[in-house]
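Notes to accompany the following structure.
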Amino acid sequence: MAHLTNAQVAQFEAQGYLVVEDVFDPAQDLDPVVEEYTSVLDQLAQELYDRGEISSTYDDLPFGKRLTQIYAESGKVHAQYFDFSLPQKNIQADTPMWVGPAVFQVLRNGKLLDAVESLIGPEIYSNPTQHVRLKPPEHLCPINEETGNVQLGATPWHQDTGVVTPEADKTEMLTVWFSLWDATIENGCLEIIPQSHSEGLLQHCHARGGMSRGFGLHIPDELLRAEDCVPLPMKRGTVLFFHRLNCHCSLPNNSDNIRWSFDLRYNPTGQPTGRGAFPGFVARSRANPASELHDPEEWANLWYEARSQLSQIENPTYNRWKADDPPCA
Ligand SMILES: O=C(O)CCC(=O)C(=O)O
Ligand SMILES: [Fe+2]
Numbered sequence: 001m002a003h004l005t006n007a008q009v010a011q012f013e014a015q016g017y018l019v020v021e022d023v024f025d026p027a028q029d030l031d032p033v034v035e036e037y038t039s040v041l042d043q044l045a046q047e048l049y050d051r052g053e054i055s056s057t058y059d060d061l062p063f064g065k066r067l068t069q070i071y072a073e074s075g076k077v078h079a080q081y082f083d084f085s086l087p088q089k090n091i092q093a094d095t096p097m098w099v100g101p102a103v104f105q106v107l108r109n110g111k112l113l114d115a116v117e118s119l120i121g122p123e124i125y126s127n128p129t130q131h132v133r134l135k136p137p138e139h140l141c142p143i144n145e146e147t148g149n150v151q152l153g154a155t156p157w158h159q160d161t162g163v164v165t166p167e168a169d170k171t172e173m174l175t176v177w178f179s180l181w182d183a184t185i186e187n188g189c190l191e192i193i194p195q196s197h198s199e200g201l202l203q204h205c206h207a208r209g210g211m212s213r214g215f216g217l218h219i220p221d222e223l224l225r226a227e228d229c230v231p232l233p234m235k236r237g238t239v240l241f242f243h244r245l246n247c248h249c250s251l252p253n254n255s256d257n258i259r260w261s262f263d264l265r266y267n268p269t270g271q272p273t274g275r276g277a278f279p280g281f282v283a284r285s286r287a288n289p290a291s292e293l294h295d296p297e298e299w300a301n302l303w304y305e306a307r308s309q310l311s312q313i314e315n316p317t318y319n320r321w322k323a324d325d326p327p328c329a
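Taking our numbering, the leading residue of the sequence shown gets 1, the next gets one more, and so forth.
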């Protein structure tokens, strides 16, 4: 059991975040995910090789170097190929994604859910706002020709409520972040601003020049207490929990290997997820255990069905921010 202590819960409430060591046993809980992703990378390598986009499948390289080499040679970050969610727009019937059984087992990990239960109660819904992030070293990462920035770099300052629809503003959405390998200052761990969760939802702006972190939707520096920010290097097995209004970003990956993390979200069952067109599921229910989803195939099918439906309609928008909102213009 990994229920949190009262002191840990109090710290989460006061600071808006909580780092808990050894939630996962890395060999037991995380290695199956690493193994599963190795076969996903095999599949990507074979597809790109068959299409003539890379000159070798690079099976002799270790995972991180192989991924980096394949992205560099194909000139593209194939992030969606690995992700266990859909993109926010332009979903096609064949948009790639990975919703494999090892990923599902982590979403349902009992020790993780015990800690989540301590923070949001025993009726736990797996919110579909979730990602795997495999970030190549920035110096080897393909460039986006339109913006001149790396295709996948540091994550700009934001609050997670800022990236879902307003119907979820009151949802007690909890973010759960952990790395599959150690996250360090050099390879781009997260940074957070303590207590920022008690200061309300801040204005977010679309990408523009001169941002202090990354490129994309962000809170402008002048609205942040950035001088108070705390970097959070984390060993594999450690989990970071944070409040939906916590201001956070990531550092750039200045190392020679990938930075690999999962970010998941949970909310009390019945509250809007903020991504209503994507499928969530009941991860734990003390009141109605029969409502829990245990079958990885059923979970994968929910995503395949959502993809098929969303490929036939104009995709909803999850973004409330306009380019000319002050102080963005
Ligand atoms: O891992 C990252 O770079 C960003 C993660 C994030 O924004 C989140 O977990 O909400
Ligand atoms: Fe975030």
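All C-beta atoms in this analysis are idealised placements derived from N, C-alpha and C, irrespective of residue type, glycine included.
Where residue i falls, given that 16 or more other Cβ within 10 Å makes a residue buried
{"i": "Ala306", "result": "buried"}
{"i": "Asn3", "result": "Here the sequence assigns His to residue 3, which means Asn is not the residue at that position. Exposed is the call here."}
{"i": "Asp29", "result": "buried"}
{"i": "Glu191", "result": "buried"}
{"i": "His294", "result": "exposed"}
{"i": "Arg208", "result": "exposed"}
{"i": "Pro252", "result": "buried"}
{"i": "Arg244", "result": "buried"}
{"i": "Tyr17", "result": "buried"}
{"i": "Thr68", "result": "buried"}
{"i": "Cys250", "result": "In the sequence on display, residue 250 carries Ser and not Cys. That one is buried."}
Below-8 Å beta-carbon distance, residue i vs any chain D residue
{"i": "Ala154", "result": "The chain inventory of the structure shown lacks chain D, comprising one protein chain alone."}
Where the alpha helix (DSSP H) through residue i begins and ends
{"i": "Leu41", "result": "31-50"}
{"i": "Arg66", "result": "63-74"}
{"i": "Ala115", "result": "110-120"}
{"i": "Trp98", "result": "Trp98 -> no alpha helix (DSSP H), and no H or E assigned at all."}
{"i": "Trp321", "result": "That residue, Trp321, is in no alpha helix (DSSP H); it is neither H nor E in DSSP."}
{"i": "Gln80", "result": "79-82"}
{"i": "Ala306", "result": "296-310"}
Endpoints, beta strand (DSSP E) assigned at residue i
{"i": "Ile91", "result": "Where Ile91 is concerned, there is no enclosing beta strand (DSSP E), given that its DSSP letter is neither H nor E."}
{"i": "Pro128", "result": "123-135"}
{"i": "Tyr266", "result": "259-268"}
6 Å CB neighbourhood of residue i in its chain, flanking five on each side removed
{"i": "Gly75", "result": "Pro142"}
{"i": "Glu21", "result": "Thr238"}
Identified DSSP bridge partners for residue i
{"i": "Phe241", "result": "Leu18, Val176"}
{"i": "Leu190", "result": "Leu232, Ser250"}
{"i": "Ser285", "result": "Glu123"}
{"i": "Ile143", "result": "Val150"}
{"i": "Ala183", "result": "Met234"}
{"i": "Cys328", "result": "DSSP output for Cys328 lists no bridge partner at all."}
{"i": "His206", "result": "DSSP lists no partner for His206."}
{"i": "His158", "result": "His248"}
{"i": "His3", "result": "None; His3 has no bridge partner."}
7 Å CB neighbourhood of residue i in its chain, flanking five on each side removed
{"i": "Gln92", "result": "Ser311"}
{"i": "Asp60", "result": "none"}
{"i": "Phe82", "result": "Tyr37, Val40, Trp98, Val132, Leu134"}
{"i": "Arg284", "result": "Leu113, Glu117, Pro122, Ile124, Glu292"}
{"i": "Trp181", "result": "Arg236, Trp260"}
Contacts around residue i, its chain only, beta-carbon distance under 8 Å, and the 5 residues preceding and following it disregarded
{"i": "Pro327", "result": "Gln203, Cys205, Pro220, Glu222, Leu223"}
{"i": "Thr129", "result": "Ser85, Asp160, Val163, Val164, Met173, Arg265, Thr273, Gly274, Arg275, Phe278"}
{"i": "Trp321", "result": "Gly162, Gln203, His204, Cys205, His206, Leu217, Cys328"}
Contact test: residue i Cβ vs ligand 4 heavy atom, cutoff 7 Å
{"i": "His139", "result": "Judged by which ligands are present, ligand 4 is missing from the structure shown, whose ligands are ligand 1 and ligand 2."}
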